[in-house]
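Engineer: Note that my numbering gives residue 229 to position 229 of the sequence shown, counting from 1, and the numbers run on in steps of one. Even glycine gets a Cβ: it sits at the ideal position worked out from N, Cα and C. In this text, all values refer to a predicted model and were calculated from it rather than measured experimentally.
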Amino acid sequence: MDGNLPRGADAPFYLPQGDECEVFAAAAAHDLPVLLKGPTGCGKTRFVAHMAARLGRPLYTVACHDDLSAADLIGRYLLKGGETVWVDGPLTRAVREGAICYLDEVVEARKDVTVVLHPLTDDRRILPIDRTGEELEAAPGFLLVASYNPGYQNILKTLKPSTRQRFVSLEFGFPRAEHEIPVVARESGLAEDRVAPLVRLAGKLRAMKGQDLEEGISTRLVVYAATLIAGGMGVERAIRTAMIEPLTDDPDVKAGLRDLVTAVFG
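#1: Let's test the definition: count the other Cβ atoms within 10 Å of the Cβ of residue 80 and tell me whether it reaches 16, buried, or not, exposed.
#2: Among 223, 71, 96, whose alpha-carbon lies nearest the alpha-carbon of residue 141?
#3: What would DSSP say about residue 97, mapped onto helix, strand or coil?
#4: In angstroms with no decimal places, state the Cα-to-Cα distance between residue 242 and residue 225.
#5: Label residue 33 either buried or exposed according to how many other C-beta atoms from any shown protein chain fall within 10 Å of its C-beta, with 16 as the threshold for buried.
#6: Hey, residue 74 and residue 92 are a contact pair by Cβ (cut 8 Å); roughly how many whole angstroms apart?
#7: Going by DSSP, what residue range makes up the beta strand (DSSP E) through residue 135?
#8: What do you get for residue 5, buried or exposed, if any count of 16 or more other CB atoms within 10 angstroms of its CB means buried?
#9: When the Cβ atoms of the segment 125 to 145 are set against those of the segment 175 to 184, are three or more pairs found closer than 8 Å?
#10: Within this structure, are the beta carbons of residue 148 and residue 106 separated by less than 7 Å?
#11: Alpha carbon to alpha carbon, how far is residue 120 from residue 215? Give it in angstroms, no decimals.
#12: Are the beta-carbon atoms belonging to residue 28 and residue 117 less than 7 Å from one another?
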């Protein structure tokens, strides 16, 4: 759980790209589950933390993965001090407390997770716990938020239309340069005039998605590069370690990316 998050002006920094904050707040006010769609590192997780703080709600964040099961979310019996006790999982705690439960990259989880979510995403707003015989009604304030990256979808890992249609959906992309520059500058401590060429380079790298690169470079990696530069590392080395090496292992592609860096920075 992400602790006692600050509210209002003290919320984690997030620069809106459109009306996503207003839509999220309206959905939360009406207990409507929210689905965030967008590429890796475009700000989805930061957005949820920002909105949880603005709304004054506790936040449970779950990073979904191949081995994440419904039991990991709901809870299980554990041995404690020689006794078998029930321990709530993060989803159950959020339902009991009226908190936000954020499932990051939900399509990565096992299929049984989807079955658990369905009764929480309709007008029932209940969580059946078979192991204890409970049928929990969601406390006021509970909100289910999930995210996924459509670019990683394949025949084995996809979100069924019947599941998608249970959510209010918001689509995220990488910010425009005029938004990304101040974000990177604020996060890294590097001056905006030095951040600008990094953002220009990022734009050119994103244009290569689907050609030489499987995925466009994230704002997160641009922040990493800017942070290294602000800390005294040379520009070329910072770009190589934070913006080129994480994108590909192919020597020929990396050589092409280095040529692109030279074209941008001279």
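Structural biologist: Inspection of the coordinates gives the following:
#1: Against the sequence shown, residue 80 aligns to sequence position 80. When all chains shown are included, residue 80 counts as exposed.
#2: Within the sequence shown, numbered from 1, the residue matching residue 141 stands at position 141. Across the set 223, 71, 96, the C-alpha of 96 shows the shortest separation from the C-alpha of residue 141.
#3: In the sequence shown, residue 97 corresponds to position 97, counting from 1. In this structure, residue 97 counts as helix in the three-state DSSP scheme.
#4: Your numbering for residue 242 matches position 242 in the sequence shown. Your numbering for residue 225 matches position 225 in the sequence shown. Looking at the two C-alpha atoms, the distance is approximately 5 Å.
#5: Counting from 1 along the sequence shown, the entry for residue 33 is found at position 33. Counting Cβ neighbours within 10 Å, residue 33 comes out buried, since at least 16 surround it.
#6: Along the sequence shown, one-based indexing puts residue 74 at 74. Along the sequence shown, one-based indexing puts residue 92 at 92. Contact flag correct, Cβ pair sits at about 5 Å.
#7: Taking the sequence shown and counting its residues from 1, the one referred to as residue 135 is at position 135. Where residue 135 is concerned, the enclosing beta strand (DSSP E) stretches over 134 to 137.
#8: As a working mapping, residue 5 is identified with position 5 in the sequence shown. For residue 5, the predicted model reports a pLDDT of 43, less than 50, meaning its position is unreliable; a value from the coordinates is still stated below. Its Cβ being crowded by 16 or more others within 10 Å, residue 5 is buried.
#9: Proximity of the segment 125 to 145 to the segment 175 to 184 falls short of the contact definition, fewer than three beta-carbon pairs being nearer than 8 Å.
#10: Here residue 148 refers to the residue found at position 148 when the sequence shown is read from its first residue. Here residue 106 refers to the residue found at position 106 when the sequence shown is read from its first residue. A distance below 7 Å separates the beta carbons of residue 148 and residue 106.
#11: The count along the sequence shown starts at 1 and reaches residue 215 at position 215. The count along the sequence shown starts at 1 and reaches residue 120 at position 120. Their Cα atoms are separated by approximately 33 Å.
#12: Numbered from its first residue, the sequence shown carries residue 28 at position 28. Numbered from its first residue, the sequence shown carries residue 117 at position 117. No, the pair does not count as a contact, with Cβ atoms beyond the cut-off.
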